[in-house]
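See structure below.
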Amino acid sequence: MALTGLFLCLFLAGHLAGNLQLIFGTSLQFNEYALFMTTNPAVKILSYLTYISILFHAIDGILLTFQNKAARPIGYAKTDGSSSSFASRNMAVLGTIILVFIVTHMVNFWAKMHFDESMPLQETVVESPMGELTLYNTVNGSYVNKEAVEVRNVTDFYDPQLNLKVGQGYKDLHKITFEFFKDEKFGLIFTLGYVLAMLAMAFHLWHGFQSAFQSLGATGSKLTPAIKLFGKLFSVIVPLLFAIIPIYIHFSK
Amino acid sequence: MSAAKNININLKIWRQKNASSKGSMETYKLDNVSTASSFLEMLDQLNEQLVNEKKEPVAFDHDCREGICGMCSLYINGRAHGPDTGITTCQLHMRMFNDGDTIYIEPWRSKAFPVIKDLVVDRSAFDRIQQAGGFVSVNTSGNTIDANSIPVPKDDADKAFMAAACIGCGACVATCKNGSAMLFVGAKVSQYALLPQGKVEATQRVLNMVRQMDEEGFGNCTNTGACEIECPKGISLENIARMNREFLKASVK
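Protein chains in written order, with my numbering: chain R, 17 to 269; chain S, 220 to 472.
If you want it as structure tokens, here you go:
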């Protein structure tokens with residue numbers, strides 16, 4: 017639990033840095049980043065490590081929960097929770113909420129980015145003497161006229177007459193994300209769901225971060241207070257920043 | 220301190236005829252309990268009343284009645300050893316309760332601590348863990364070296380002494396939501412791991428004691444910290460971290 021948990025904390029920090037480009041970057045910057053994250057071999061290795069970590073963390077957690085429930089077949093008639101924190105007593109519930117969130121999150125974004133054949137592509141609208149002109153951005157920094165090319169294999173631009181590939185576009189994950197959280201019917205529900213999942217994440221990390229070091233035996237009179245402080249800051253700041261992004265998108269013009 | 224007075228209380232007590240019977244919570248009314256009496260004296264008073272009524276008295280564990288033997292148990296109003304900290308049940312006084320209070324009294328709940336009768340549980344699982352490694356093998360054939368002739372750093376000696384303060388009462392197991400015995404085993408492992416006399420058998424000790432702990436059916440530690448709060452002897456979580464370090468070290472040897 018400790019090792020996979022700490023690795024997932026690193027993943028969260030990286031994921032957050034990427035997501036913040038939705039607020040602070042342009043759509044092109046974000047889509048360039050999304051392309052890099054789905055194609056770079058080093059990132060691929062890291063992403064597989066992340067999938068495995070999530071899986072092991074969840075399976076390990078479920079097994080632990082069952083073992084721990086079995087260790088007390090008859091419960092108490094009266095309990096008093098004052099000797100432990102809410103988060104520490106509810107890690108399994110919080111973890112389940114996060115797992116459900118991860119699955120829906122991957123269906124909504126990860127699966128679209130990887131498998132959706134009708135992904136929109138990054139476009140740029142320019143003023144020209146003929147009026148407004150819509151261009152596709154290509155991955156090598158140039159543009160092709162949207163009217164003049166045919167899109168094949170999701171991202172390849174082909175000249176229809178010559179039947180030659182003239183460029184490759186960026187999948188517009190930025191647009192997908194904005195449309196998702198700005199959806200007229202469900203945008204607010206999706207935003208609220210995301211924020212609630214981040215609240216569960218905050219509580220999960222509040223206990224989990226310092227707990228991982230305790231499990232690994234990495235404690236000391238100077239080390240432990242530092243880890244506890246860092247863990248508390250991490251568990252508040254990271255989910256908060258994650259949650260701000262969909263709120264910002266939902267209310268953006 | 221205010222003068223002692225008499226209070227009337229309601230008791231909800233777990234009654235179970237023997238290890239194989241089902242058991243249930245029974246309600247009793249007890250009048251004129253002096254707030255100066257200890258919790259166990261209150262139970263003595265109840266038993267006297269029950270005997271006079273020709274009813275079976277409540278079986279509960281007790282021995283020294285001065286907070287040293289670790290015999291008295293009892294889960295009182297949802298807390299191990301009741302509503303006070305750093306005490307055993309014999310050190311709990313009725314001044315902690317008010318007139319008209321309903322007090323829940325339950326046995327330690329753990330698969331590894333089966334109920335023998337009423338509030339008495341079998342804690343021999345702790346003995347078996349101790350027998351698995353909670354000792355140092357000393358040659359007693361006449362050439363035993365005086366312990367004081369082996370220099371021990373003051374800091375280590377203090378920590379070992381604090382760990383050795385564990386009286387094996389089982390409050391840590393009772394209060395842990397996972398029914399984990401990690402604080403007990405952590406204290407016993409630490410007590411020896413910190414001293415030169417214990418170093419010789421350190422590797423086998425931690426492996427054997429942890430194996431025995433798991434075999435007894437105790438749950439896993441999820442670092443909620445409830446054990447540390449409820450421990451009558453103030454055994455710190457640091458001992459669990461030390462055991463984790465010892466275990467990791469021993470596992471890779």
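Think of the CB as a built atom: it goes at the ideal place given N, C-alpha and C, for glycine as much as any other residue.
Rounded distance between the beta-carbons of residue j and residue i, thought under 8 Å
i, j, result
"A390 of chain S", "E449 of chain S", "5 Å"
"Q230 of chain R", "A460 of chain S", "5 Å"
"G289 of chain S", "I348 of chain S", "At roughly 14 Å, the Cβ-Cβ gap does not stay under 8 Å, so G289 of chain S and I348 of chain S are not in contact."
"D375 of chain S", "L414 of chain S", "7 Å"
"L262 of chain S", "V252 of chain S", "10 Å between Cβ atoms; not a contact."
"G233 of chain R", "L467 of chain S", "6 Å"
"V226 of chain S", "D318 of chain S", "Before going on, a small fix: residue 226 of chain S reads as Ile here, not Val. Contact flag correct, Cβ pair sits at about 4 Å."
Beta-carbon proximity list for residue i, same chain, < 8 Å, skipping 5 on both sides
i, result
"S455 of chain S", "M381, E447"
"S104 of chain R", "H223, S227"
"A366 of chain S", "Q416"
"G301 of chain S", "F258, L293, I295, T308, L311, M315"
"V59 of chain R", "F52, M53"
Cα-Cα separation, residue i to residue j
i, j, result
"L245 of chain R", "T150 of chain R", "51 Å"
"G417 of chain S", "L402 of chain S", "19 Å"
"K284 of chain S", "I118 of chain R", "A quick correction: the sequence has Arg, not Lys, at residue 284 of chain S. Going by the C-alpha atoms only, they are around 54 Å apart."
"D172 of chain R", "A127 of chain R", "19 Å"
"R314 of chain S", "M244 of chain S", "24 Å"
"E195 of chain R", "D188 of chain R", "11 Å"
"N271 of chain S", "T321 of chain S", "22 Å"
"I263 of chain R", "K198 of chain R", "10 Å"
"E267 of chain S", "K273 of chain S", "10 Å"
"G21 of chain R", "A108 of chain R", "13 Å"
"G500 of chain S", "A223 of chain S", "Absent from the model: residue 500 of chain S. The displayed extent of chain S is 220 to 472, so no value can be given."
"E76 of chain R", "F23 of chain R", "The residue you asked about is not Glu; residue 76 of chain R is Asp in the sequence shown. Approximately 15 Å between the Cα atoms of the pair."
"G209 of chain R", "V116 of chain R", "11 Å"
"K181 of chain R", "T54 of chain R", "21 Å"
"H73 of chain R", "G353 of chain S", "33 Å"
"S99 of chain R", "V170 of chain R", "56 Å"
"N439 of chain S", "N397 of chain S", "6 Å"
"K452 of chain S", "L269 of chain S", "33 Å"
"F40 of chain R", "H266 of chain R", "15 Å"
"L44 of chain R", "T140 of chain R", "9 Å"
"P255 of chain R", "F225 of chain R", "13 Å"
"P136 of chain R", "A87 of chain R", "53 Å"
"I113 of chain R", "F258 of chain R", "16 Å"
"H130 of chain R", "P241 of chain R", "42 Å"
"R464 of chain S", "Q431 of chain S", "18 Å"
"E275 of chain S", "K248 of chain S", "15 Å"
heavy atom of the ligand ATP below 6 Å from residue i C-beta
i, result
"F173 of chain R", "Ligands displayed in this structure: none; no statement on the ligand ATP is therefore possible."
Same chain, Cβ closer than 6 Å to residue i, five either side skipped, listed in chain order
i, result
"A393 of chain S", "Y294, A299, W327"
"K241 of chain S", "none"
"Q410 of chain S", "A379, A382, A383"
"E420 of chain S", "none"
"F125 of chain R", "none"
Endpoints, beta strand (DSSP E) assigned at residue i
i, result
"W233 of chain S", "225-234"
"T120 of chain R", "T120 of chain R -> not in any beta strand (DSSP E); alpha helix (DSSP H) instead, spanning 107-121."
"N251 of chain S", "243-253"
"Y67 of chain R", "Here Y67 of chain R belongs to no beta strand (DSSP E); instead the alpha helix (DSSP H) covers 57-86."
"F202 of chain R", "No beta strand (DSSP E) contains F202 of chain R, which DSSP labels as neither H nor E."
"M330 of chain S", "Before going further, note that residue 330 of chain S is Lys rather than Met in the sequence given. Run containing K330 of chain S: none; DSSP gives neither H nor E here."
Same chain only: Cβ atoms within 7 Å of residue i, ignoring 5 sequence neighbours per side
i, result
"D377 of chain S", "none"
"V357 of chain S", "T363"
"Y49 of chain R", "G34, Q37"
"V340 of chain S", "S292, P326, W327, F332, P333, V334"
"N47 of chain R", "Q138, Y186, K187, D188, L189, H190"
Sheet register partners of residue i (DSSP bridge)
i, result
"N153 of chain R", "R:Y159"
"V142 of chain R", "R:L149"
"I295 of chain S", "S:R298, S:I324"
"G183 of chain R", "R:F173"
"H312 of chain S", "S:S257"
"G319 of chain S", "According to DSSP, which records beta bridges pairwise, G319 of chain S is partnered with nothing at all."
"K336 of chain S", "S:V339"
"L137 of chain R", "R:K187"
"G438 of chain S", "S:S399"
Extent of the continuous alpha helix (DSSP H) run through residue i
i, result
"S343 of chain S", "343-352"
"R464 of chain S", "457-471"
"R168 of chain R", "Looking at the DSSP string, R168 of chain R is not in any alpha helix (DSSP H); the run it does join, the beta strand (DSSP E), is 166-168."
"C446 of chain S", "445-449"
"C395 of chain S", "No alpha helix (DSSP H) holds C395 of chain S; DSSP gives it neither H nor E."
"A281 of chain S", "Here residue 281 of chain S turns out to be His, not Ala, going by the sequence shown. Careful: H281 of chain S lies outside any alpha helix (DSSP H) and carries neither H nor E."
"Y92 of chain R", "Neither: Y92 of chain R is in no alpha helix (DSSP H) and is coded neither H nor E."
"V252 of chain R", "239-267"
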